[in-house]
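Asks:
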Amino acid sequence: MQALMMNTQLMISSILVHAEKNYPDQEIVSVTADNPRHRYSYRDFAKRSRQLAKVLESLGAKFGDRIGTLAWNDYRHLEMYYGISGAGMVCHMINPKLFPEQINYIVNHAEDKFLFVDVLVMPLIEALHASFESVEGIVVLTDEANMPQTSLDNVFCYETLLAEQDDDYQWPEFDENTACGMCYTSGTTGNPKGVVYSHRSTLLHALAGALPDATNASNLKTCMPIVPMFHVNAWGIPYASIMVGSKLVMPGPKMADGETLHDLIESEQVNFSSGVPTIWMALLDYLDSSGKKIESLETACSGGAACPKGLITRLKNDYGVDLMQGWGMTEMSPLGTVFSFKKGMENLTEEEQINLRAKQGRTVFGVELKIVDDNNKELPWDGVAFGALKVRGPWIATGYYGMSQEPGAADCPVDKDGWLNTGDVATVDENGFMQITDRTKDVIKSGGEWVSSIDIENAAASHELIAEAAAIGRFHPKWTERPLLIVVLNKDAKVTSGEIIAYLKDKLHKWSVPDDVVFTDELPHTATGKLNKLALRETYKDYQFPIE
Ligand code: ADP
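First residue of the sequence shown? That's 3 in my numbering, and the numbers climb one at a time after it.
This is how it looks when you write it as structure tokens:
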């Protein structure tokens, strides 16, 4: 028997229509290259998004065309999220910090027809322009007064184009499975791979992300996404926050600047914010050295890489901020798991709560998760067994753009069993808290046992003289591989490798204590701020452990 319900298509434009009607006066505050504090209402935002849809049509962009963005977190980027997708085109967010060759590859692979770029990105576009194969025009995200000099043809000013259009525009309705957005994963090997999101997947992801046990988004909240809008849809916040009518605060190109972040949090009364661990580290360093506070901030959401326990403790004890860890992937839109208490856990001791927050969290409804052994046999949720982490759900990719969608194919991330292989290794405890112990390719295999490089790094990061640490497996004549710890010390700090090893002996299983510690001035990171283990393994490929 068929149900008798309206088959309303889940459209991104419906978020905007709802938000404009219900929260017209809610504010969106941004830092941009041309304005230190821009402020406007949802009403203005919705109007300008409709104008943008008309701009795209006037430029000749058609349904399904990819429109690339190279921009920071600000109101114009938000207009592109809605204007491009709402009009039936594909908003393709590109990380301007990638290597130029990668950006070139991504633009050509996605066949972007137009690029909408921040003023600060123009020098890069000028350098790459000749090798773009499909790009018909560049729109610079600024006004006439701030337009850069350029020798390129077909360069337009965003504000001028917008001013030429009125907002008399009806959002079209079409199949909810139509592509709305694209992000390329910036893996450390091979070419970047394109993930294609649909209106349906994005809407369902936003609904789940807003739930009380996820981000608990609401009209009463002021939310500042510090995670860039080119990094997996800023974790879906630009959709979930607008859906519920939150005040949105966006730091533009000042994402890593502690002073700006502090100023925005205090003056705009931000109470929820999200970013990778290095952002929180930068903010804490600024607060510690300036003696300033962030009294309005209640929750700091951290993801993208494991969050050291020391960071969670500092945020809570020194600044009263609860850190909420989340885990996900570009292929997952990205939400997979997020921290939330289960009934009774509010009564745990501070130390126990921090231990829980250091795990990657519990699945949100919509994502199914399992860990499996080498024979694809499911492992128990006992907090001890660890195996390859697999997921499935309505906002998880079936494959990459231009590659096989056939489960089990070599270039498809989905296995024959229909589950996406995340490439992560994890445990899951009795309460469903997942903990990443490694990337499959980073795991250290010592005498047949798996040693978690993340455990070692977290333990090392808790040492007060260590600024950052990375553990990699290196050849060992007896154990095949043993852990080598590579450490960056705080400025002017002095400590020996023997002292660090002694410190770690208390904190790790005997088996996981690194055999040696080496010092360096800086660790390599990927464009999304993760430790680049591949580069480290290359640098230390000839390293030999001291003979016992
Ligand atoms: P990239 O494009 O850099 O690969 P993704 O965001 O897609 O960016 O990376 C996803 C991977 O990041 C995950 O598979 C996992 O290894 C890692 N990751 C994400 N969140 C966490 C977390 N909270 N703790 C540990 N690792 C994480």
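Cβ atoms here follow ideal geometry from the backbone N, Cα and C, with glycine treated the same way.
Could I get the ranges of all uninterrupted beta strand (DSSP E) runs contained in the segment 235-322, with 3 residues as the minimum, in chain order?
Replies: Runs of the beta strand (DSSP E) inside the segment 235-322: 249-252, 274-277, 301-304.
Asks: When you compare only the Cα positions, how much space is there between residue 253 and residue 303?
Replies: The count along the sequence shown starts at 1 and reaches residue 253 at position 251. The count along the sequence shown starts at 1 and reaches residue 303 at position 301. About 16 Å.
Asks: Going by beta-carbon coordinates alone, are residue 69 and residue 114 separated by less than 9 Å?
Replies: Mapped onto the sequence shown, residue 69 falls at position 67. Mapped onto the sequence shown, residue 114 falls at position 112. Yes; because the gap between Cβ atoms is below 9 Å, this pair is in contact.
Asks: Please tell me whether, using a cut-off of 8 Å, the distance from the CB of residue 109 to the nearest non-hydrogen atom of the ligand ADP is below it.
Replies: Taking the sequence shown and counting its residues from 1, one reaches residue 109 at position 107. Checking every heavy atom of the ligand ADP against the Cβ of residue 109, none is found closer than 8 Å.
Asks: Please name the residue, chosen from 80, 243, 477, that lies closest to residue 213 on a Cα-to-Cα basis.
Replies: Counting from 1 along the sequence shown, the entry for residue 213 is found at position 211. Nearest option by C-alpha distance: 243.
Asks: Is any non-hydrogen atom of the ligand ADP found closer than 8 Å to the C-beta of residue 473, if you look at the structure I gave you?
Replies: For the purposes of this step, residue 473 is taken as the residue at position 471 of the sequence shown. No - the ligand ADP has no heavy atom lying nearer than 8 Å to the Cβ of residue 473.
Asks: Report whether the distance from the Cβ of residue 233 to the nearest heavy atom of the ligand ADP is below 8 Å.
Replies: Position 231 of the sequence shown, counted from the start, is the residue given in the question as residue 233. Under cutoff, so the answer is yes.
Asks: If you compare alpha carbons, which of 143, 120, 155, 150 is closest to residue 132?
Replies: Within the sequence shown, residue 132 is the residue found at index 130, counting from 1. Here the closest residue by C-alpha is 155.
Asks: Under the rule that 16 or more other beta-carbon atoms within 10 Å means buried, what is residue 135, buried or exposed?
Replies: Stepping through the sequence shown from its first residue, residue 135 is reached at position 133. Result: exposed.
Asks: Tell me where the beta strand (DSSP E) around residue 46 begins and ends.
Replies: The residue given as residue 46 occupies position 44 in the sequence shown. Not the beta strand (DSSP E): residue 46 falls in the alpha helix (DSSP H), residues 44-61.
Asks: DSSP on residue 75, reduced to helix/strand/coil?
Replies: Taking the sequence shown and counting its residues from 1, the one referred to as residue 75 is at position 73. In the structure shown, residue 75 sits in a strand (DSSP, three-state: E or B).
Asks: Is residue 307 near the ligand ADP, going by C-beta to nearest heavy atom under 8 Å?
Replies: Here the question's residue 307 lines up with position 305 in the sequence shown. Because some heavy atom of the ligand ADP lies under 8 Å away, the Cβ of residue 307 counts as near it: yes.
Asks: Flag this pair as yes or no: are the beta carbons of residue 533 and residue 360 separated by less than 9 Å?
Replies: Here residue 533 refers to the residue found at position 531 of the sequence shown. Here residue 360 refers to the residue found at position 358 of the sequence shown. Result no, Cβ atoms of residue 533 and residue 360 do not sit closer than 9 Å.
Asks: To the nearest angstrom, how far is the alpha carbon of residue 457 from that of residue 71?
Replies: Locating residue 457 in the sequence shown gives position 455, where the first residue counts as 1. Locating residue 71 in the sequence shown gives position 69, where the first residue counts as 1. Distance between the alpha carbons of residue 457 and residue 71 is about 37 Å.
Asks: As an exercise, report each continuous alpha helix (DSSP H) stretch of at least 4 residues that is fully enclosed by the segment 449-514, in chain order.
Replies: Within the segment 449-514, the complete alpha helix (DSSP H) runs of at least 4 residues are 455-463, 499-507.
Asks: Quick one: any contact between the segment 157-175 and the segment 192-202, if contact means 3 or more CB pairs under 8 Å?
Replies: Too few Cβ pairs lie closer than 8 Å, so no.
Asks: Specify the secondary structure class of residue 337 as computed by DSSP and reduced to three states.
Replies: For the purposes of this step, residue 337 is taken as residue 335 along the sequence shown, with counting starting at 1. Looking at residue 337 - three-state DSSP - the assignment turns out to be strand.
Asks: If you drop the 5 nearest sequence neighbours on each side, which residues of the same chain put their C-beta closer than 6 Å to that of residue 178?
Replies: Within the sequence shown, numbered from 1, the residue matching residue 178 stands at position 176. Within the same chain, residue 178 has close Cβ partners 11, 12, 201, 202.
Asks: With 16 other CB atoms within 10 Å as the buried threshold, where does residue 434 fall?
Replies: For the purposes of this step, residue 434 is taken as the residue at position 432 of the sequence shown. Counting Cβ neighbours within 10 Å, residue 434 comes out exposed, since fewer than 16 surround it.
Asks: Let me make sure I understand the geometry here. Which of 526, 294, 290, 251 has the alpha-carbon closest to that of residue 276?
Replies: Taking the first residue of the sequence shown as position 1, residue 276 is located at position 274. For the residues 526, 294, 290, 251, the minimum Cα distance to residue 276 belongs to 251.
Asks: Shortest alpha-carbon distance to residue 549 belongs to which of 466, 517, 354?
Replies: One-based indexing of the sequence shown puts residue 549 at position 547. Closest by alpha carbon: 517.
Asks: Given a cut-off of 9 Å on the beta-carbon distance, is the pair residue 314 and residue 267 in contact?
Replies: As a position in the sequence shown, residue 314 is number 312, starting the count at 1. As a position in the sequence shown, residue 267 is number 265, starting the count at 1. No, they are not a contact pair.
Asks: Taking the beta carbon of residue 41 as the centre, do at least 16 other beta carbons fall within 10 Å, making it buried, or is it exposed?
Replies: Taking the first residue of the sequence shown as position 1, residue 41 is located at position 39. With fewer than 16 Cβ atoms within 10 Å of its Cβ, residue 41 is classed as exposed.
Asks: Rounded to whole angstroms, what is the Cα-Cα separation between residue 248 and residue 77?
Replies: Position 246 of the sequence shown holds residue 248. Position 75 of the sequence shown holds residue 77. Near 14 Å, if we compare the C-alpha coordinates of residue 77 and residue 248.
Asks: Three or more C-beta pairs under 8 Å: does that hold for the segment 462-476 against the segment 355-372?
Replies: Output reads no: the segment 355-372 does not touch the segment 462-476.
Asks: Could you name the residues of the same chain whose beta carbon sits closer than 8 Å to that of residue 445, not counting the 5 residues immediately before and after it, in chain order?
Replies: Counted from its first residue, the sequence shown places residue 445 at position 443. Cβ neighbours of residue 445 beyond the five flanking positions: 427, 439, 452, 453, 454, 455, 475.
Asks: Return the bridge partner residues of residue 389 from the DSSP annotation.
Replies: Position 387 of the sequence shown, counting from 1, holds the residue named residue 389. Beta-bridge pairing links residue 389 to 428.
Asks: Applying the criterion that 16 or more other CB atoms from any shown protein chain within 10 Å of the CB defines a buried residue, is residue 232 buried or exposed?
Replies: Along the sequence shown, read from residue 1 onward, the residue named residue 232 stands at position 230. With 16 or more other Cβ atoms within 10 Å, it is buried.
Asks: Quick one: give me the first and last residue of the alpha helix (DSSP H) that residue 207 is part of.
Replies: Along the sequence shown, one-based indexing puts residue 207 at 205. That run of the alpha helix (DSSP H) goes 201-212.
Asks: Tell me whether the beta-carbon of residue 278 lies closer than 9 Å to the beta-carbon of residue 229.
Replies: In the sequence shown, counting from the first residue as 1, residue 278 sits at position 276. In the sequence shown, counting from the first residue as 1, residue 229 sits at position 227. Yes. Within cutoff.
Asks: To the nearest angstrom, report how far apart residue 536 and residue 425 are at their CA atoms.
Replies: Indexing the sequence shown from 1 puts residue 536 at position 534. Indexing the sequence shown from 1 puts residue 425 at position 423. Their Cα atoms are separated by approximately 15 Å.
Asks: How about residue 356: is its Cβ closer than 8 Å to a heavy atom in the ligand ZN?
Replies: As for the ligand ZN, it is missing from this structure, which binds only the ligand ADP.
Asks: What's the gap between the Cα of residue 311 and the Cα of residue 137?
Replies: Along the sequence shown, one-based indexing puts residue 311 at 309. Along the sequence shown, one-based indexing puts residue 137 at 135. Looking at the two C-alpha atoms, the distance is approximately 45 Å.
Asks: Can you round the beta-carbon distance between residue 336 and residue 80 to whole angstroms, since I take them to be within the 8 Å contact cut?
Replies: Sequence index remark: in the sequence shown, residue 336 carries index 334 (1-based). Sequence index remark: in the sequence shown, residue 80 carries index 78 (1-based). Contact doesn't hold; Cβ gap of about 18 Å is too wide.
Asks: Can you look up residue 147 in the DSSP assignment and give me helix, strand or coil?
Replies: Counted from its first residue, the sequence shown places residue 147 at position 145. Of the three classes helix, strand and coil, the one that applies to residue 147 here is helix, per DSSP.
Asks: Exposed or buried, which one is residue 38 when buried takes at least 16 other CB atoms within 10 Å?
Replies: Residue mapping note: residue 38 aligns to position 36 of the sequence shown, counting from 1. Classification for residue 38: exposed.
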